[in-house]
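**Student:** For reference, the structure I am asking about is given below.
This is the structure in C-alpha cells:
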C-alpha cells in the first residue's frame, strides 16, 4: 500500500497517518518525491480498508499495490490447477465441453439431449433442477426429481453431471446427485453460501456475477478455497454493460486475464453470455480461440417448446457442427477436444 | 407484446408465429404497416420469454409493451403505500432518517451513537450484526449479540431498529429483534431468500443491486409482495458504472422514476452510494431534494477506529448539521423532517 | 509512479526496469517489502504510458500515484476560479441559472422564452444554432441566423448568451455572438477542437462526455487551459450506464468530487441528464443541493411543437416554480440565487 | 412505433395523441387490448423523437419498433458490401489483416515494420500521422511527413494504406496518401466531420465509440452512406465498462450482431480493445473465430521504445505466429487468410 500526502501536508498530519498504521501493526517507509511525501506501507494490509487512509487529513490519495486474494493467485500456486473427476481432467490440455438443456423438464427430454451431446464429444451434462428466475411467476424447476433424471441420463451416456445449487440448504442434497456444484452469477457474492461451499465435497463451478470485477470474482473463489475446497472452476458468462442488443456482453478477455492472475481453470458460457442462439455459435468458437479451458453450451432437441431459455439453446445438429469447428480451433493453439463418437 | 415481421416474411412464417402464441393461449391482432406486418399479442404475456419470439423464422424483432411486475406497479395501486410502525410513518409526508453505525461493535459504541442520532431527529437506528464482506478475512459482525445491543440502544432512545438479514435461515432470529428487515444489494436477486421474505412478518427494506435495472428491482419487490408481505421499502444505494472515483454512482434519478412506476416508498443511502464521508453530505441533501421518502446515513462517534466503513461514516456533529440543512430542503418541497430534540 | 516487481523477479529484470526509466530521465527509489521489491519513480512521469512498465519482464503491476492534469488541479490553484462576464460571476457564491430552448427555432419563440426565463431569475440564455444530431435526417439548426436571434433576445432581456460551437471552423463566427462557448459531450475528446479552444477569447463551457471519467474530463479542461484560456466551466450532463429507463444517469456525485480535485466551477444539466420533463425538476433541485455552481435548464413555451428535445423542456410556469424551490435550497447551504423580477 | 395508453387514459387524451401524430403526417391504427388501448403508428417515423410521445398526457409508454437507419441495414441491401481496392477485397471471403505501428515515428521504423507484416500476410499497412492523445503533453504525430513515409513503405511492400483522419480539414490532405480513411472512436459522433466523410472519395473505416450502442454506430455509418459514400467498414475496438483490468472490453458479440443487422464489413481491433500485448493474441484469434471480416493489429519491431502504444504492440515474430494460428481458424469456418510470403 502506498500513500501520497498532499503537497501542503503538515508534519503532524504525516505523524498521524503513521500512528494510524502503527496501531494496526504495520510499518511505514517514508520517501520524499519532487513534490510529495510518499509513504510505503509494509506488512499484511489485507484487512485495511483503503478508504480509511484516503479520508485522513493531509492524505492526497492511497493505492493498494497488492492483490487482496492469496490462495487464488498464480503467485501462491504457479502451476495450473487440474481437477480430475473420473477420467475427465478439467484445467489440463483438453478443452472440456459441458452441454445439455437449460432445465431438466422430463425424463425423455433429458435422455434424448444427453445422448446427442455425448455423441458429439461433450464430457459433462448440464441441466437445472432448481431454477433462479427473475419473475416469481416463471417455471422454477423440478427439484430433486430433476436431479434424479439428470444423474440417470449422465450415467447412461457416460457423462459427468453439473447442476446449479441455489442455497446453503441444498448443498447436501444436490451433492448426492451431481459431480460439480454450479454457482449462479447472482449468487457469486452471496457470502454465507459461498463460505459453506468451502466445506462441500465437490468441485465448485463459480460463474462470474454480471457486474463483478475480475478481482471480486477471484475474491469469491478465495472464500471457497479458504474454506478448504481446492477445486474451483471459474466461468465467464457475460457482464452487464450499456449495450442491450444482447442480454449481456461476453467478456472473453477475462480468459487470458484469469490465466495470468490465477491458477484456476476458466470456462465460458456463450449461451447466457449472448442469450440468442445464432450468437452462441460464433462466441463459443471465440471462447475456445481465446484459450478457455472449457465451454458450457445449452442444447435442446425442441427449443421452441423448452420451458426456459429455448431462444439460446442450440439444436443438436448445430451443436455437432460447432464441435467440429472448435476441434480444429483447439488444435490451432495446441489443445484438443474429444472426438465425435459413432 | 408486439412482433414486427421481416419485410420478406412468408405467410407460412407468420402462421407459425401465430400458432406458437396460440399454443400458449394468446391471441393475435394482425396489422399491415407500410413495410412490415406487425402482430399485436393479446392476453397475459408475463410467462413468455420474448427471446423465444425473436428467434422464430421471419421475425425481425419483438417488443414487450407492458411491465412484468403487477403488485408493485402504480397502475395496480394508485395511492402511495404508507407503512406505519409505532408512531413512524414511512412513505407519508415526513422524510424519515435512518442513522447509525455500519456495524454494531460493542455496547457503548452503539449506545453513544444512538443517543446522538436520536437527538438530531433520526427515527430509526441502523447497525449490522451479520456483515456480508467481500473478503473472507474481514470482520463478519457480532451476530445475535449485536442484535441485542441494537434493540436495547433503540429502545432507550425511542428509535425503531433496522438491520440486515443475510439469509433465509436468519429471518426468524433477526425478526425477533428488528422492526425492519434490510436486504443487501448483493441479495436483491437471491430468489429463494426474497421469496421467503414474502412470508416474513416485518417490513422489508430492499436495496437495489449494484447492477440491477429499475425493472429488475421492482421484480424483486414483486417476489416479496406476491408472497403476501405488502410492506416493501426500496432503497437506492448506488450502481456500478465505469466511473471509479467513487465506489458507486448514486442514481438519484431512480427516485422520481420509482415514484412514477410504483406506489412503494423509496429511500437513498448516500453512505454506500459514495463511500467517502465528504461526499455523503452533499448527496444526502440531493436525495432529499430529489424527493426521497427517507435516507439512510452511517454515523460513528469514532470513525477512525470503526471496524467497517469508517471512511463513509459521518461524525455526530456533521450529522447534526446535515439534519439542519435537509430540514430546510424538505420544507422547500412541501415535506417535513422531525425536529432536533434538546 | 510505483512499480511492484514479481516475487521471483530477477536482479537483471530489476536493472532493466531501472534503465528503462533512466533513459526517460527518471530516477528510481528502490525499497524491499515483505514479499516484493517496490520501485518508486521520481521525476515528471506525465509523458510515461504506464502500460509500458506493466509489460516489462518481472513487473507485477505499476501504479500512477499522481494525477495527469496540472493546471486544472486544486493543488495548482487553491482558490476557486471565478469568471466574471458583465455583472455575472460564475463560480462565486451565487448559483447561476442558464435557461432557454434546446434550439433557436424562430425569432418570436426565442424572444418569448428569453422574457420568461429572465423574469424568473435566469442570468444566461441558452439556445442551439448548430445542432449535433444522432440522425442525419433530423433538424440541424438555423446556423448564423439563429445566433443573431439569440443575441438579440439576450440583449433585450439583459441576459448573457451561451451556445454550442461544434467545430474548430465555427469558433470565430460563434464568438462574435456569444458570451460563452459551449462544447457538447460528444466533442469533449475531439482534441484538435479543444486545443483550438485554448486560443479562443471566450470562456468555455465543457460538458462531460457520456463515458468520460472525471480524470478524462479534467484532462480535456487541461487542453483548453494549457492553450492559454483560463476560463473553463465544467458541466455534468449524465453518463451512460446499463440503466436505460432514463436517457443517461446524472452523476451528481461528480459535483463534490470536482470541487475537491479542481478549482474550476461545475454546473449540472438535468435536462440532458434525464431526458424527460418530469425528472428534470427533482434533479435540478438535487444538483443545487449537491453544491453545483449553476444549472442549465431547457425551457420552451410550446414544447409539444419544439423542433428538438421538447420532451425534456420545462413549461415557463414549471421553470418559475423550480426557481422558487431552488432559491430556498441554495439558502440552506449558504448560497444564493437571483430573485424573481416583476 | 407503438404507443401504449394508460389504463385510465381518457378519450380526449387518446384524441390528443392521434392529433399530434396527424400533424406530423402519420396515421394511427387503434386497437384495444385486455387492459390497454394500443396505438400503432403508420408512416415514416424516423424524424419523431419518441420521448415527445412518452410525455403526452395519458401515455403509459411508447416503443420504436423499427430501426432508425436505412442505408446501413441488411433489409435495405441484402448482399454483403464488398469493397475492392486494387487486388484486395474487403468484406469478401478472405479475412483481411491490417498491421503496422501505432504511430509513424521515422522512416526506417515504418519500412522495417512494413516489410515484416507484409511477409506474414498482412494486406494493409496502418500507422498514425495525426494522433489524438488524451494528454496535451503527449506526442502528437509527424503530420504530412508521416503520411509520406507510410505511403512509401506500403508501396514498396505492396500493401494498401490506412491512416486516421482527425478532422474535416484534413480529409483532402490525408486522401492524397491513403487508401482508407480511418475514423477514431472519439470521432464516431463528431457529426460535422462524419457528414463531410460522406463526400470523401475513399472508403471510411469507422471505429465504434467506446460508449456507442450498436444502433448509434450504424447511425454514424448512415451519415457517411447518406452523403453518397457507399464504402464503410465498421471496426469494433472495445467498449467502456465497469471492468478496468483491461483498457476496454472488446465486445466480440458485436461481430455476429452487425452481420445480422447490416451488410457492411466488420473488423476488430484487439490492440486497442485490450491495451496489453499478451491479451492481443488470444483476442485476435477470438475475433477471427467470431467471424470478423478482418482484424487490425499494432506491430512494432522495438515496442519498448515506441512513441505510443508500445505496450499493446506485438513483436514481428509474435505477429507471424498469430498469423499462422488464425490461418487455421479461418479455414475452420470456411474462410481464408493470405499465405506467408518467403
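Chains as they are written, first to last, in this note's numbering: chain W, 4 to 345; chain B, 4 to 345; chain P, 4 to 345; chain Y, 4 to 345. Beta carbons: idealized from backbone N, C-alpha and C, even for Gly. Predicted, not measured: the structure shown is a model, and the values here were computed from it.
#1: Starting from the N-terminal side, write out each stretch of the beta strand (DSSP E) that is 3 residues or longer and does not extend beyond the segment 177-250 of chain W.
#2: For the segment 131-144 of chain B against the segment 81-91 of chain B, are there 3 or more C-beta pairs whose distance is under 8 Å?
#3: Leaving out the 5 sequence neighbours to the left and right, which residues in its chain are closer than 6 Å to residue 114 of chain W when beta-carbon positions are compared?
#4: At a Cβ threshold of 9 Å, is residue 278 of chain W touching chain B?
#5: Please give me, in chain order, every unbroken run of the alpha helix (DSSP H) with length at least 4 that falls completely inside the segment 77-161 of chain Y.
#6: Using the beta-carbon of each residue, which ones in chain B are nearer than 7 Å to residue 214 of chain P?
#7: With 8 Å as the limit, tell me which residues of the segment 285-311 of chain W have their beta carbon closer than that to any beta carbon of chain Y; keep them in chain order.
#8: How would you list, in chain order, the residues of chain Y whose beta-carbon sits under 9 Å from the beta-carbon of residue 69 of chain B?
#9: Of the residues P:106, P:172 and P:125, which one's Cα is nearest the Cα of residue 152 of chain P?
#10: How about residue 7 of chain P and residue 39 of chain P: do their beta carbons lie closer than 9 Å?
#11: Taking Cβ positions only, does residue 144 of chain W come closer than 9 Å to chain B?
#12: Comparing C-alpha positions only, which one of Y:286, Y:290, Y:249 and Y:43 sits nearest to residue 269 of chain Y?
#13: Please report the distance separating the alpha-carbon of residue 223 of chain W from that of residue 303 of chain Y.
#14: Whole angstroms is fine: what's the gap from residue 279 of chain P's alpha carbon to residue 29 of chain W's?
#15: For residue 177 of chain P, which residues in the same chain have their Cβ closer than 6 Å to its Cβ, ignoring the five residues on either side in sequence?
#16: For a contact defined as C-beta to C-beta under 8 Å, what are the partners of residue 260 of chain B on chain P?
#17: Indicate whether the contact test is met: 3 or more Cβ pairs, each with one atom in the segment 259-278 of chain B and one in the segment 255-273 of chain Y, closer than 8 Å.
#18: Please classify residue 89 of chain Y as buried or exposed, where buried requires at least 16 other C-beta atoms within 10 Å of its C-beta.
#19: Kindly indicate which three-state DSSP category residue 277 of chain W falls into: helix, strand or coil?
#20: Sort B:172, B:308, B:62 and B:31 by Cα distance to residue 48 of chain B and report the nearest one.
#21: Is the beta carbon of residue 182 of chain Y closer than 9 Å to that of residue 2 of chain Y?
#22: So does the segment 66-80 of chain B actually touch the segment 186-206 of chain B, counting three or more Cβ pairs closer than 8 Å?
#23: Could you tell me the alpha carbon to alpha carbon distance between residue 295 of chain B and residue 218 of chain P, rounded to whole angstroms?
#24: Could you work out which residue in P:225, P:309 and P:332 is closest to residue 287 of chain P when comparing CA atoms only?
#25: Could you give the DSSP three-state label for residue 334 of chain Y: helix, strand or coil?
#26: Just the chain B side, please: which residues come within less than 7 Å of residue 229 of chain W by C-beta, in chain order?
#27: Quick one: Cα of residue 335 of chain W to Cα of residue 229 of chain B, how far?
#28: Which two residues bound the contiguous beta strand (DSSP E) that contains residue 33 of chain W?
#29: Rounded to a whole number of angstroms, what is the C-alpha to C-alpha distance between residue 307 of chain Y and residue 143 of chain Y?
#30: For chain B, is any of its Cβ atoms less than 9 Å away from the one on residue 202 of chain P?
#31: Can you tell me which of the three DSSP states residue 43 of chain Y falls into?
#32: Below 7 Å on C-beta distance, what does residue 58 of chain Y contact in chain P?
#33: Under 7 Å between beta-carbons, which chain B residues line up against residue 32 of chain Y? List them in chain order, please.
#34: Give every residue of the same chain whose Cβ lies closer than 8 Å to the Cβ of residue 174 of chain Y, excluding the five residues on either side of it in the sequence, and list them in chain order.
#35: With DSSP collapsed to three states, give me the class of residue 297 of chain Y.
#36: Quick check: what's the CA-CA separation for residue 305 of chain B versus residue 320 of chain B?
**Tutor:** In short:
#1: Taken in chain order, the complete beta strand (DSSP E) segments of 3 or more residues contained in the segment 177-250 of chain W are 183-186, 207-210 and 235-239.
#2: Inter-segment contact for the segment 131-144 of chain B and the segment 81-91 of chain B is absent: fewer than three beta-carbon pairs are separated by less than 8 Å.
#3: 156.
#4: Closer than 9 Å: yes.
#5: 110-123 and 147-159, all fully within the segment 77-161 of chain Y.
#6: The contacting residues are 245.
#7: Flagged, chain order: 285, 286, 288, 289, 290, 291, 292, 293 and 294.
#8: Ordered by position in chain Y, the residues that pass the 9 Å Cβ test against residue 69 of chain B are 7, 36, 38, 39, 63 and 64.
#9: Nearest of P:106, P:172 and P:125 to residue 152 of chain P, Cα basis: P:106.
#10: If you check the CB distance, residue 7 of chain P and residue 39 of chain P come in under 9 Å.
#11: It does not; no Cβ of chain B falls within 9 Å.
#12: Considering only Y:286, Y:290, Y:249 and Y:43, the residue with the shortest C-alpha distance to residue 269 of chain Y is Y:290.
#13: It is roughly 39 Å from the alpha-carbon of residue 223 of chain W to the alpha-carbon of residue 303 of chain Y.
#14: Looking at the two C-alpha atoms, the distance is approximately 52 Å.
#15: Cβ within range, chain order: 168.
#16: Going along chain P in sequence order, the residues near residue 260 of chain B (Cβ under 8 Å) are 248, 249 and 282.
#17: Proximity of the segment 259-278 of chain B to the segment 255-273 of chain Y falls short of the contact definition, fewer than three beta-carbon pairs being nearer than 8 Å.
#18: Classified as exposed, residue 89 of chain Y has fewer than 16 neighbouring CB atoms from the shown chains inside 10 Å of its CB.
#19: Secondary structure at residue 277 of chain W: helix, using DSSP grouped into helix, strand and coil.
#20: Shortest Cα-Cα distance from residue 48 of chain B to any of B:172, B:308, B:62 and B:31 involves B:31.
#21: Residue 2 of chain Y cannot be examined here, being either before or after the span of chain Y that is shown, 4 to 345.
#22: These segments do not touch.
#23: Separation of residue 295 of chain B and residue 218 of chain P (C-alpha to C-alpha, rounded to the nearest whole angstrom) is 30 Å.
#24: Among P:225, P:309 and P:332, the Cα nearest to that of residue 287 of chain P is on P:332.
#25: DSSP places residue 334 of chain Y in helix when its eight states are reduced to three.
#26: Think of a sphere of 7 Å around the beta carbon of residue 229 of chain W: the chain B residues whose beta carbon falls inside it are 139, in chain order.
#27: The alpha-carbon atoms of residue 335 of chain W and residue 229 of chain B are separated by roughly 53 Å.
#28: That run of the beta strand (DSSP E) goes 30-35.
#29: The C-alpha of residue 143 of chain Y is placed about 18 Å away from the C-alpha of residue 307 of chain Y.
#30: Chain B contact via Cβ: absent.
#31: Per DSSP, reduced to three states, the secondary structure at residue 43 of chain Y is strand.
#32: Residues of chain P passing the Cβ test: 279, 280 and 314.
#33: Result: 34.
#34: Cβ neighbours of residue 174 of chain Y beyond the five flanking positions: 168, 184, 199, 200 and 203.
#35: Residue 297 of chain Y falls in the strand class under three-state DSSP.
#36: Straight-line Cα distance between these residues: approximately 12 Å.
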